[in-house]
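Comments concern the structure below.
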Amino acid sequence: MSTETLVIALRIAGLMMVGLVAANFVAAKRWRYRASLADCEVMVRQVFYVHCAYIIAIIGGLGVLCLGWPQLLLADGMGRVLSGFFGVFWASRVIVQLGYYDKETRRQNRGWDLFFLGVFAAMSAIFTLTAIYG
Amino acid sequence: MKELLQIGLWLGGGSLVALCIASFWIPKVLGWREKVAVLTPLMRELWWTYSIYIWSSHVFFAVLALGFGDWLLSRTGAAAAMSTFMLLWWSVRLWLQFFGYDLSEVEGSKANRLAKHLLTLLFVSLVVLFGSLVAWNAGWIPTGAMP
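Protein sequences appear in the order of chains E and A. Numbering-wise (this note's numbering), the first sequence opens with residue 67 and increments by one. Numbering-wise (this note's numbering), the second sequence opens with residue 1284 and increments by one.
Here is the structure:
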C-alpha cells in the first residue's frame, strides 16, 4: 500500500474523529447525561465527566494529528506502534458495541448503531493498515 | 541530561505500571459498582467503558516510557508532540487533584489519605518528567556534549 494512499486514509480517519468529537456533545444532550447523573454521588458524576473529557481529548488530539500531520504516523517505527495501538483501540470499540452495550438501546437506534459500528471498523482498518504498511 | 531523563522515564514508566496495577483495586475501595448501580444501563455501560479506555491509555503511556525511551528522547517532531500530549494529560489530572475532584464523600481513612498523597506525588512527578521531555525535544535543554 502506497504512502499517498495511507495519508489520504489517515486524513479521512481524522475527519471521522472530528465528527466523533462533535457527536459526543450531541450524545450528551440526546442521552441526557446531566439528568441521568443528577441523582448519583458526586464522585460518580465527576469521574464520568472527567473520563468523558479525556476520551474526547484523545480522539480530538488524534484527529488533529491525522488531519494536519499524518506523515508523523508514517515517519518511523514509533508511528507504527502508535497506529497499532489505535488499530486495537478502535477494534475494541467495535467489540464493546457488539458485545457489551445494551442490545435494546442499540435496537431502538439501529441506524446510528450501524453507522458508528462502520466508523469504528473503518478507523480500526485504517490504523491497522498504517501499522502494517506505514 | 539525556541520561537523567532516561532514568526519569524508567521511574515514570514503573510508577505508571504501579498505577495501572493499583487501579484494579480502585473500584472496590471506592465502591464504584454499588455507586453506579443507580445509573441507567446505557450510562453505566458508558461509565465502565470510559474507565477501561482511560486505564488502557495509562498502560500505553507506561509501554512508551519503558519500551520506547530512546524514541521519546529523539528530539523529533513526533516525540515533541507525544511528550506535549502526555504533559497536558498529567497537568490536567494534577489540576483536578487539587481543584476538580470533590473527595468529601470518600472515607478519610489512613489508607485513603496515603493513597491520595501518593497519587498527588505521582502526578507532580509525571508533570515534571514530561515537561522536561518537552523542553528536551524542543531543544531548550542542551545535550551536555562537549562542543
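We put the CB at the ideal spot given by N, CA and C, even for glycine.
The segment 110-124 of chain E contacting the segment 159-167 of chain E, beta-carbon criterion three pairs below 8 Å | no
What number of angstroms, rounded off, separates the C-alpha of Leu1405/A from the C-alpha of Ala94/E?
-> Position 122 of the second sequence, counted from the first residue, corresponds to residue 1405/A. Position 28 of the first sequence, counted from the first residue, corresponds to residue 94/E. So the two alpha carbons sit approximately 32 Å from each other.
Residues that Gly1360/A contacts on chain E, provided the C-beta gap is smaller than 7 Å = For the purposes of this step, residue 1360/A is taken as the residue at position 77 of the second sequence. Residues of chain E passing the Cβ test: Leu138.
Reference Ser1408/A, options Val1346/A, Ile1309/A, Trp1373/A, Thr1367/A, closest by Cα | Translated into the one-based positions of the second sequence, residue 1408/A becomes position 125. Cα-wise, what sits closest to Ser1408/A is Trp1373/A.
Using the C-alpha atoms, what's the distance from Lys1393/A back to Gly1422/A?
-> On the second sequence, residue 1422/A is found 139 positions in, with the first residue counted as 1. On the second sequence, residue 1393/A is found 110 positions in, with the first residue counted as 1. C-alpha separation (whole angstroms): 44 Å.
Residues within the segment 1301-1328 of chain A neighbouring chain E, beta-carbon criterion of under 8 Å | Leu1313, Trp1315, Lys1318, Val1319, Val1321, Leu1322, Thr1323, Pro1324, Leu1325, Met1326, Glu1328
Under a Cβ-count criterion, where at least 16 other Cβ atoms within 10 Å of its own Cβ denotes burial, should Asp92/E be classed as buried or exposed?
-> On the first sequence, residue 92/E is found 26 positions in, with the first residue counted as 1. At residue 92/E the sequence reads Val, which differs from the Asp that was named. Classification for Val92/E: exposed.
What residue ranges within the segment 1340-1367 of chain A form continuous alpha helix (DSSP H) runs of no fewer than 4 residues, ordered along the chain?
-> 1352-1355
Gln137/E to Ala119/E span [Cα, whole Å] | Reading the first sequence from its first residue, position 71 is the one you call residue 137/E. Reading the first sequence from its first residue, position 53 is the one you call residue 119/E. Computed Cα separation, rounded: 27 Å.
State the CB to CB distance for the pair Met189/E and Ala79/E, rounded to an integer number of angstroms; the pair is presumed to be in contact (CB under 8 Å).
-> Sequence index remark: in the first sequence, residue 189/E carries index 123 (1-based). Sequence index remark: in the first sequence, residue 79/E carries index 13 (1-based). Right, their Cβ atoms sit about 5 Å apart.
Assess, as a yes-or-no matter, whether the segment 1360-1370 of chain A is touched by the segment 164-184 of chain E under the definition of 3 or more beta carbon pairs within less than 8 Å.
-> no
Report yes or no: is there a C-beta of chain E within less than 7 Å of the C-beta of Asp1353/A?
-> Here the question's residue 1353/A lines up with position 70 in the second sequence. Not closer than 7 Å to any Cβ of chain E, the Cβ of Asp1353/A fails to qualify, so no.
Please state whether DSSP places Cys106/E in a helix, a strand or coil.
-> One-based indexing of the first sequence puts residue 106/E at position 40. Coil at Cys106/E, not helix or strand.
Start and end residues, alpha helix (DSSP H) containing Trp1315/A | Stepping through the second sequence from its first residue, residue 1315/A is reached at position 32. That run of the alpha helix (DSSP H) goes 1315-1319.
How about the segment 1338-1358 of chain A and the segment 136-154 of chain E: do they share at least three Cβ pairs that are nearer than 8 Å?
-> yes
Could you check what DSSP says for Ser1392/A in three-state terms: helix, strand or coil?
-> Against the second sequence, residue 1392/A aligns to sequence position 109. The answer is coil: DSSP assigns Ser1392/A none of H, G, I, E or B.
Select from Val1411/A, Ser1415/A, Leu1401/A the residue whose C-alpha is nearest the C-alpha of Ala1305/A.
-> Locating residue 1305/A in the second sequence gives position 22, counting from the first residue. If we check each option's Cα against that of Ala1305/A, Leu1401/A comes out closest.
What are the complete beta strand (DSSP E) segments, minimum 3 residues, inside the segment 129-190 of chain E?
-> none
Should Trp1378/A go down as buried or exposed, given a rule of 16 or more other Cβ atoms within 10 Å for buried?
-> Position 95 of the second sequence holds residue 1378/A. Counting Cβ neighbours within 10 Å, Trp1378/A comes out exposed, since fewer than 16 surround it.
Just the C-alpha distance for Leu1386/A and Arg1396/A, rounded to the nearest angstrom, thanks.
-> To locate residue 1386/A, count along the second sequence from 1; it is residue 103. To locate residue 1396/A, count along the second sequence from 1; it is residue 113. About 11 Å.
Leaving aside the five residues before and after Leu1302/A along the sequence, list all residues of the same chain whose C-beta is less than 7 Å from its C-beta, in chain order.
-> Numbered from its first residue, the second sequence carries residue 1302/A at position 19. The residues are His1341, Leu1405.
Close Cβ partners of Leu1291/A (< 6 Å) along its chain, the five nearest in sequence each way excluded | As a position in the second sequence, residue 1291/A is number 8, starting the count at 1. The residue you asked about is not Leu; residue 1291/A is Gly in the sequence shown. Hits under 6 Å: Leu1412.
Contact with chain E by Ser1392/A, beta-carbon distance below 7 Å = Sequence index remark: in the second sequence, residue 1392/A carries index 109 (1-based). Closer than 7 Å: no.
State the Cα-Cα distance for the pair Asn203/E and Ile74/E, rounded to the nearest angstrom.
-> Limits of chain E in this structure are 67 at one end and 200 at the other, which puts residue 203/E out of reach.
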